[in-house]
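Residue numbers (the working numbering): 1 to 713.
Taking it in order: structure first as structure tokens, then the write-up.
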């Protein structure tokens, strides 16, 4: 059963009050303090604090990081943490992240300063990874609980977690178990210590006992609040990716700069064209550049009308829209060869409004250097003086414009500013063409292209090319030249096994960009049992990483055995099993993805340059940013912009989105709600108490993620 994460107004108000304001005034007559919307991350170089810092930075949340290993780091004292500004107390950080509950030496003045600061301004503290013991509100794991591997464990979000910071989840948190020989997750499981004010948010069964132990929970003590995490993780592991949003929401009370979504978009290249097929005997693709000229007989793969019907039914069942990158010449050529008939194109055109369409050039021509395919691998043709021969500006523009005209004549609903060139050609491709075709940028400008697809595996950073900005796409390791599962497995074995195992040895020669199989996959079962789970895990990891980049496959993968669907189903079914309905997959088209990435880059540059300031005073939030830079922020439901207009869009139980400033300033008003008794932190008299010494840090073995060998077209 799905759970919404709409927190009651009372709970939201209580949380805001607890996190953003001191429980009592610093001085009886002092004005309400200013709390800066910035997070202090104190790091020891371990994977847990690095993971939280990466989560904050990806979302666009300002961070100040203090590396304890740096001899020249600033001293954390009262002056570092707070000051008085224009007569108002100012807390420089809205939350503190520590490697554990106390990473400093016993009796440290720095830990005392942090404890006093947290107490005075009701600033929450995240213990990124610590072990269970009474000092963090838990019974010792040794004897009363468990300390060891939690690989493959299915943890659960408690009722308190679901009604609080982890309500965007559907209730379970599976821990990865990707290798039977590698320990991936280590945890301490224990129950709250007697008398401790400790609330578990995420817990798992304690082996050999009828009880469950906390993995993530809140400990209130001495006028302070700590989020106690007792399992180790890195930023790429699924269990952290699932919990990262809740950790941030807890520490900020849902009031922070930066925002996140879970994105998934799938581009299907070469629609209307036919893709050359892998030859399992020759170990190359006749008709393409990896086979010597004249070797083998091309046996192309092309969708049929029934494949269109399957795609339509699949989209409807998944509430998901595919982006079809089309080549008009594919249909024109088919009609010429078949007496004017092209049932595939007719079916697609009849249902054109149920898909999104992208210009993929008319003939899928290679638009970089002129290829010399008399050799394998191909090379760039050169003039007698050694200079590279380039495809001309007019030829590139003609490929774009002719396909656009064909699409418009077919009534395809196009965004004319989007373009995917064949094989991402025109852009640099190592090693043959280490620079862009100099004619590409001018041709893009001539044809009004503003969003150009690039291959994330070789060109991952968004950049300008003429009038266009690139949109990096993730290549799925579902090959363009495979319409059947057996072909995919055969080629996969060829690429990812050693020469001694009958493979190409590519993985041996390129260990940094590919991962060798320990043994060839079974032709009958290898696709379903190895490739599909692996590609699903990789793609789902992208979805959970607040990464809007699209993935791409080819029309051949929707034909014949329709081998793409098991991977796509794995991603979407896996996602639906993990998240509440309030956090749906966001399925953007290419231009919108480009805008999202562009805004993020502008925001990140402004934050890094110190041009963004934001703070909260009571129920008012003020953000200042350079004129023209949209603000990204997350706020509770009911937040209003200046003038009383609603702020943001609903996602995962909060409001967030890109918002323009007015003269460089954005003013927000948070919802004001009475608090329930006991919800507010009550500050004790006096100064901080002694804090226990830090636990040992256990760093999990690195988890390697197989990397696709380049982009298979």
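Glycine included, each C-beta is placed from N, C-alpha and C at the ideal position.
The model shown is predicted, which means the values in this text are computed figures rather than measured ones.
What number of angstroms, rounded off, separates the C-alpha of residue i from the C-alpha of residue j?
i	j	result
residue 676	residue 89	For residue 676, the predicted model reports a pLDDT of 32, less than 50, meaning its position is unreliable and no value from the coordinates is stated.
residue 398	residue 424	16 Å
residue 552	residue 308	18 Å
residue 264	residue 474	11 Å
residue 143	residue 230	16 Å
residue 599	residue 612	14 Å
residue 435	residue 232	42 Å
residue 39	residue 64	6 Å
residue 174	residue 457	28 Å
residue 459	residue 472	7 Å
residue 70	residue 102	17 Å
residue 605	residue 385	43 Å
residue 212	residue 413	54 Å
residue 448	residue 409	19 Å
residue 43	residue 67	5 Å
residue 533	residue 501	23 Å
residue 185	residue 515	22 Å
residue 666	residue 250	24 Å
residue 575	residue 541	10 Å
residue 549	residue 631	21 Å
residue 87	residue 624	20 Å
residue 735	residue 586	Outside the shown range of the chain, which is 1 to 713, sits residue 735, and nothing can be said about it.
residue 499	residue 285	19 Å
residue 99	residue 151	22 Å
residue 41	residue 208	37 Å
residue 318	residue 292	42 Å
residue 512	residue 34	48 Å
So, using beta-carbon positions, are residue i and residue j closer together than 8 Å?
i	j	result
residue 110	residue 76	yes
residue 312	residue 296	no
residue 427	residue 169	no
residue 422	residue 360	yes
residue 257	residue 61	yes
residue 191	residue 125	no
residue 321	residue 366	no
residue 487	residue 225	no
residue 469	residue 594	yes
residue 245	residue 223	no
residue 535	residue 476	yes
residue 128	residue 52	yes
residue 562	residue 310	yes
residue 429	residue 373	no
residue 462	residue 273	no
residue 294	residue 357	no
residue 653	residue 626	no
residue 481	residue 275	yes
My guess is that residue i and residue j are in contact by the Cβ rule of under 8 Å, so how many angstroms apart are they, rounded?
i	j	result
residue 202	residue 155	5 Å
residue 420	residue 269	7 Å
residue 465	residue 441	5 Å
residue 188	residue 217	The Cβ separation is near 12 Å, so there is no contact.
What does a CB cutoff of less than 6 Å around residue i pick up in its chain, not counting 5 residues either side in sequence?
i	result
residue 638	671
residue 648	655, 656 and 657
residue 214	200 and 203
residue 443	393, 396 and 397
residue 555	268, 270, 271 and 303
residue 363	329
residue 618	32
residue 402	362
residue 690	Caution applies to residue 690, whose pLDDT of 32 falls short of 50 and renders its modelled position unreliable; the value that the coordinates give is listed next. Closer than 6 Å at the Cβ level, and outside the excluded window around residue 690, lies no residue.
Might you give, ordered along the chain, the residues of its own chain that have their beta carbon closer than 8 Å to the beta carbon of residue i, omitting 5 neighbours on each side?
i	result
residue 559	301, 302, 303, 304, 307 and 483
residue 74	66 and 80
residue 337	none
residue 662	642
residue 732	Residue 732 is absent from the structure shown; the chain starts at 1 and stops at 713.
residue 378	289, 371, 372 and 432
Spatial neighbours of residue i within its chain, please: C-beta separation below 7 Å, excluding the five flanking residues on both sides.
i	result
residue 193	134, 137, 138 and 139
residue 342	331, 334 and 335
residue 433	368, 369 and 380
residue 161	201 and 202
Three-pair Cβ contact test at 8 Å for the segment 489-501 versus the segment 514-526:
yes
Is the segment 116-125 close to the segment 167-186, with three or more CB pairs under 8 Å?
no
Check whether the segment 515-524 and the segment 565-573 touch, using three or more Cβ-Cβ pairs below 8 Å as the test.
no
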